[in-house]
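Below is one structure, written out as structure tokens, with a few remarks after it.
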Amino acid sequence: MLRCLASLLLVFGIVLLAQPAEASSDFSCGPGYTLVQREYNGCNNSAILGPGNDTRANLLLLMHDAHPQSASRYDKRGTALFEWRSIRSNFFPDPDYGESGYPYRENSRCGSNDDGKAAYESAVNSAQGVSAEEKATLIAIRNKYEPECAEFGMREVAYKITMDGINSPAAREFAAYLRGAFGFYDGDFVAAAKDFASLSNAKNSWVRETALYMAARTELNRAQETAFDEYGSFAGAKAIDQSIVGAAESGFGAYLKTYPQGSYAASARGLLRRVYWLSGNMAKLAASYRAQLGGTGKLTQADLAEEIDLKLLPLFGNGVEAGDPVMLAVMDLMRMRDFGGYGEKRITRAELESQRAIFAKQPELFDYLLAAQSFYVDGRPADVLKIIPDAARQSRMSYLQFSRQALRGLALEAVKDSNARGFWQQLLGGSALPYQRPAVELGLAMNMERGNALDAIFATGSAIEDTDVRQILLQNVAGPELLRKAAVDKSRPAHEREVALFTLLFKRLSQGQYAGFVEDLNLTPAGAATEGWFYDLRESEKLPVGMFKAGGKKGEFACPHVKDSAATLTKAPADIRSRLCVAEFLRLNGFDNSVFDTAPEADELGGTKSRFSGSAMSRLEVYKSVIVNTKAPAGDRAYAMYRAVWCYGPSGINSCGGKGVDIAQRKAWYNQLKREYPNSEWAKKLRYFW
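Per my numbering: the sequence shown = residues 105 to 794.
Next comes the structure, spelled out in structure tokens:
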């Protein structure tokens, strides 16, 4: 599925990128924590080359195999599942990368303004034949200028200032360059081109070289003026005046011929790739990227992955045109995705076989693609075991080697092979690169969870160290005793202990295990937070485990400390006021529609049956039971009617759990409250029945 990325506005003018093709934007992230990722959702990349990965991640993993990076920069462990930004910043830290990161900021014509200032100042200061006063004036003018790339009208003012007090021939060359540069930044490309062309025989070597480079950049920017439609998408080569594109290509070619090792040679080669993109010359574009993949370019692997994903991969039909096994493999993996019935044609075994010659020098990669197609597309995991031999006992694995073995592990699971657990355990030893070991731990943990070995996952010396994996299991399937042990295990991270205790106290209280709740409150550490966000336990910086011991927020319905309500219910389980007060604690402290209300799918980590024996309290069911109890105290019964109706306010959707009721029943409760308890504060406050 093609990457869904909101269009970027052409604020700075050099180029509004076409909608990237192969990855996907982050807003479609899903929670599925499993190694079998058949669809792309934005969050769940793994160290296993696969269809669910962002194509940039697959590219980066394969490029890393070909040209390993220094491990000193890594988070050497990583996580089992991650977003593109995680692996990008892990492999290539870039503090400036963000929404406007490469290749987006790289494409703004104003992006070179600051570097241009510094280069210009250095050139002026070293120039012969320019007086000190002229140097000061030229540098001041250049430093004062701040381009407004989305607007026009600056050039005339800049020109007048530039020429004022500039008299020597050498200084006038620098002034003429400024005039061209200001025209370029202001979008007056025709005038800028004339100014740069006039400097082709400049005496100053910096002016002569830079003007030649800028003349080509100017033509490129002029060509891009019609390259994008009103939505910011690339309009295609037919929408562009190809004579201007040709002039840009000739210009960069002339620069590289004259200055093959020049100051702007790397930039010129990069901009030539954009020329090929705009002209639709896929052969030249692919050849340029093949050279980059061979390690001859100066882009980082992460930047290269983004650029290939954006400019090359979307324009190929089935990827064969790439002519490069790495780029072709990435396209093939993308075509193995489950597109959810949208009609995209998934790659067949026959299509893969037709590509065999392209992979002649990379047979392990080709065999992996065959195995992946069998697993993800044809649903034949047994074929994987025939294609990929067992090599789990390696001391260290590349990402391709790791992917081959991990896919074998998934196939063993799919055919329910009794040796699957042992295979994952053997695979741990060679999983040394970032993201590899956590992925193996996820596979092993899912096997153990489904093999009734949950306690062993949390035993001392367990191979399962990944805190994300452990926290998911604690939140979703662990029973009371395991949660108690995990809550006080000082060998584990504090946040993991918080997840265990928060889960334990909530489930004890909401499932009616009141004696256990009262006892387990004593596990709350001194100084525990009493307020905080807990709609995603793993992502919450600090969980409010102290809220249970502190009593939480108080409302209008007079309730004692929740501990006292729980203590009463241990002796009198039907006590009306205490039941209402426990429901009130859950309401006031944000447990309606909380993270505990949704369990993982059966094929995900944490998707087995919870080891807690009960089910969570429904506030609506509590209110229903009080409403029908004619012996209940008047104030309690009136409040139950009030709250039962409010379960649907103001959206008309039940927020209290339990079996819903129709609007007729809400109306009946509303009328009953007004009729039977007209003087109660709850009857006076209730104005609608939704």
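In this text, a Cβ means the ideal position worked out from N, Cα and C, and glycines have one as well. All values derive from a computational prediction rather than experimental measurement.
- Leaving aside the five residues that flank N580 on each side, the residues in its chain whose CB is nearer than 7 Å to its CB run, in chain order, A703, P704, G710 and S714.
- With fewer than 16 other beta carbons inside 10 angstroms of its own, T734 counts as exposed.
- Taking the Cα positions, Y249 is about 13 Å away from E225.
- Rounded to whole angstroms, the gap between the alpha carbons of M318 and E329 is 17 Å.
- N229 and A315 have their alpha carbons spaced roughly 18 Å apart.
- In the assembly as shown, R283 is a buried residue. Its beta-carbon has 16 or more other beta-carbons within 10 Å.
- Residue pairing by DSSP places F338 opposite F332 in a beta bridge.
- G616 has its alpha-carbon roughly 31 Å from the corresponding atom of E780.
- When the Cα atoms are used, E623 and L609 turn out to be separated by approximately 10 Å.
- Following the DSSP letters along the chain, one finds F562 in no alpha helix (DSSP H), marked with neither H nor E.
- With a cutoff of 8 Å on beta-carbon distance, G739 and S682 are scored as not near each other.
- Under the three-pair Cβ rule at 8 Å, the segment 658-669 does not count as touching the segment 635-647.
- Look at N149 here: in three-state DSSP terms it is strand.
- With respect to the C-alpha of S272, the residue from V234, R691 and D572 having the closest C-alpha is V234.
- F186 is bridged by DSSP to N149.
- Contact between A670 and V686 is confirmed by a C-beta separation of about 7 Å, below the 8 Å threshold.
- Separation of the CB atoms of L185 and Y503 is rounded to 15 Å, and the pair is thereby denied contact status at 8 Å.
- The beta carbon of E553 is closer than 6 Å to those of T712 in its chain, skipping five residues each way along the sequence.
- In the DSSP assignment, F793 falls outside any alpha helix (DSSP H), carrying neither H nor E.
- For S371, same chain residues with a beta-carbon under 8 Å away, outside a window of 5 residues either side, are Y317 in chain order.
- Excluding its 5 nearest sequence neighbours in each direction, K298 has no C-beta neighbour in its own chain below 6 Å.
- Cβ-Cβ separation between A549 and L577: approximately 7 Å, consistent with a contact (criterion under 8 Å).
- With contacts defined by Cβ atoms closer than 8 Å, L647 and E602 form a contacting pair.
- Relative to the Cα of R189, the nearest Cα in the group G357, Y281, L692 and A406 belongs to A406.
- Ranking L613, F621, A619 and K653 by CA distance to the CA of A632 puts K653 first.
- Classified as exposed, P664 has fewer than 16 neighbouring CB atoms from the shown chains inside 10 Å of its CB.
- Residue L382 holds the alpha-carbon nearest to the alpha-carbon of I348 among L382, Y363, P251 and D333.
- Assignment of E643 by DSSP, reduced to helix, strand and coil, places it in the coil class.
- The beta carbon of R500 sits closer than 7 Å to the beta carbons of G534 and A536 from its chain, once the five residues preceding and following it are set aside; these are given in chain order.
- T607 sits buried, since 16 or more C-beta atoms from the chains shown fall within 10 Å of its C-beta.
- By the neighbour-count criterion, in which 16 or more other beta carbons inside 10 Å mark a residue as buried, Y727 falls on the buried side.
- Residue environment: K415 is assigned as buried (16 or more neighbouring CB atoms within 10 Å of its CB, all protein chains considered).
- Straight across, the Cα-Cα distance linking V379 with N148 is about 34 Å.
- In terms of Cα proximity to N308, the closest of A395, A227 and M167 is A227.
- Using a 10 angstroms sphere on the CB of E353, the tally of other CB atoms reaches 16 or more, which defines it as buried.
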